[in-house]
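Engineer: Before I ask anything, here is the structure I am working with.
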Amino acid sequence: MELIGHKALVTGASRGLGKAISHELASRGCSVVLLARNKHALRENLLQLPCNSPHQVHLYIDYDLLDVLQEPLDPRISEELKGVSALVNCAGISNYVLLPRLMNKYIESTIALNLIAPIVLSKHAYMPMLKSASRISKAPSGTLKRPVILNISSVLSLTDKTLAGTSVYAASKAGLLGFTTSLANELKGKVRVNALLPGLVPGTDMGASAHLDGELGAVTIEDVVKEVARIICDDTVNGECVILDGGNSKFIEATIKE
-16 MELIGHKALV TGASRGLGKA ISHELASRGC SVVLLARNKH ALRENLLQLP CNSPHQVHLY
44 IDYDLLDVLQ EPLDPRISEE LKGVSALVNC AGISNYVLLP RLMNKYIEST IALNLIAPIV
104 LSKHAYMPML KSASRISKAP SGTLKRPVIL NISSVLSLTD KTLAGTSVYA ASKAGLLGFT
164 TSLANELKGK VRVNALLPGL VPGTDMGASA HLDGELGAVT IEDVVKEVAR IICDDTVNGE
224 CVILDGGNSK FIEATIKE
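The following block contains the structure:
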């Protein structure tokens, strides 16, 4: 599916999964707003983004999502969220520290970046996406039919997937699942809301630091990017928490009221 005429905001877009996702969406004709705190890396990524359509306009916003609770929200972000068809909450932070040794400030920052930031950004995208839903629904076949929010969670959010020293990270990502399904029900199908739970991904902070094994379902960045594109483009996927585990997608059953 092509995404010409649409705009996506991707967090954590200076490197890793966020960077790869931004390239995939741009390759499909989507205008992409890159959001991360590393201005130099954002500039580099911006220059590398595909631009195959005269309607594509890419830009970046250098912003630390740990500041997201400050009101009002940075006006650069508020302005760009007014026109997005897709919000991809990909930014995250991880650590491998057993709970008794974990300083409170790291507990706070992990919850803030992994859970609170996606909630706040979704809050600000909520009404603009609802307003644009009727316009998007009239788009030609073969393109996006409803606005979509995609939250990148982790298999570590599941009770049967554990890794020592990641209890707070797992809690933040599990919270993202509850937020995803509840918001999907609240929006009643007018805006799709989904979560993707990848296994450990080499080339990311979490994957690089952990011992990868089959139980935790190591997947490649390419696997994740492909699944992200499928979830965004497939109008039938709503309220789903999709497990990407060794290349095999599974679903946590969700009850969605549309």
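All residue numbers for the sequence shown refer to the numbering used here, where the first residue is -16 and numbers rise by one. Beta carbons: idealized from backbone N, C-alpha and C, even for Gly.
How long is the line joining the alpha carbons of Val40 and Leu85, rounded to whole angstroms?
Structural biologist: 42 angstroms
Engineer: Looking at the unbroken beta strand (DSSP E) that takes in Pro181, where does it start and where does it end?
Structural biologist: 175 to 181
Engineer: Using a Cβ-Cβ cutoff of less than 6 angstroms, which residues in the same chain neighbour Leu81 once the five nearest sequence positions on both sides are dropped?
Structural biologist: Gly148
Engineer: Output the residue ranges of the beta strand (DSSP E) runs that lie fully inside the stretch -12 to 19 and measure 3 residues or longer, sorted by chain position.
Structural biologist: -10 to -6, 14 to 19
Engineer: Looking at Ala178: is its Cβ nearer than 8 angstroms to the Cβ of Asn134?
Structural biologist: yes
Engineer: Have a look at Ala116 and Val131 and give me their C-alpha separation to the nearest angstrom.
Structural biologist: 10 angstroms
Engineer: Roughly how many angstroms lie between the CA atoms of Ala153 and Ser140, to the nearest whole one?
Structural biologist: Spanning the alpha carbons of Ala153 and Ser140 requires a straight line of approximately 5 angstroms.
Engineer: Please give the ranges of any alpha helix (DSSP H) in the stretch 36 to 111, keeping only runs that are unbroken, at least 4 residues long and fully inside the region.
Structural biologist: 58 to 64, 87 to 94
Engineer: Let me know if Thr145 comes out buried or exposed under the rule of 16 or more other beta-carbons within 10 Å of its beta-carbon.
Structural biologist: exposed
Engineer: Can you tell me the Cα-Cα spacing of Arg(-2) and His23, whole angstroms?
Structural biologist: Computed Cα separation, rounded: 11 angstroms.
Engineer: State the start and end residues of the unbroken beta strand (DSSP E) segment that holds Val207.
Structural biologist: If you look at Val207, you'll find it isn't in any beta strand (DSSP E); it sits in the alpha helix (DSSP H) that goes 204 to 216.
Engineer: State the Cα-Cα distance for the pair Val176 and Ser61, rounded to the nearest angstrom.
Structural biologist: Cα-Cα distance, rounded: 19 angstroms.
Engineer: Could you pull out every residue in the same chain whose Cβ sits closer than 7 angstroms to the Cβ of Leu98, ignoring the five residues on either side in sequence?
Structural biologist: Ser155, Gly158, Leu159
Engineer: Assuming Ser105 and Leu166 are in contact, meaning their beta carbons sit under 8 angstroms apart, how far apart are those beta carbons, in whole angstroms?
Structural biologist: 6 angstroms
Engineer: In terms of residue numbering, what span does the beta strand (DSSP E) encompassing Asn28 cover?
Structural biologist: That residue, Asn28, is in no beta strand (DSSP E); its alpha helix (DSSP H) goes 22 to 31.
Engineer: Per DSSP, what kind of secondary structure is Val151 in: helix, strand or coil?
Structural biologist: If DSSP states are grouped into helix, strand and coil, Val151 belongs with the helices.
Engineer: For Ser14, count neighbouring Cβ atoms within 10 angstroms of its own Cβ and tell me buried if that reaches 16, exposed if not.
Structural biologist: buried
Engineer: Hey, out of Val202, Gly229, Thr164, Gly182, whose CA is closest to Gly222's CA?
Structural biologist: Thr164
Engineer: Thinking just about the alpha-carbon of each residue, which of Leu18, Ser10, Ala3, Glu(-15) is nearest to the one in Leu(-8)?
Structural biologist: Looking at the Cα atoms, Leu18 is the closest of the given residues.
Engineer: Give me the Cα-Cα distance between Ser120 and Leu113, rounded to the nearest whole angstrom.
Structural biologist: 11 angstroms
Engineer: Secondary structure at Ile226, three-state DSSP: helix, strand or coil?
Structural biologist: strand
Engineer: Pull up the DSSP beta-bridge partners for Leu159, would you.
Structural biologist: Answer by DSSP bridge pairing: none, since Leu159 is not bridged.
Engineer: With DSSP collapsed to three states, give me the class of Leu133.
Structural biologist: Secondary structure at Leu133: strand, using DSSP grouped into helix, strand and coil.
Engineer: So what's Lys171 in DSSP terms, helix, strand or just coil?
Structural biologist: Coil.
Engineer: With a cut-off of 8 angstroms on the beta carbons, I'd call Ala9 and Pro37 a contact; round off their distance for me.
Structural biologist: Actually they are not in contact, since the Cβ atoms of Ala9 and Pro37 sit about 14 angstroms apart, beyond 8 angstroms.
Engineer: Please state whether DSSP places Ala201 in a helix, a strand or coil.
Structural biologist: It is coil, neither helix nor strand.
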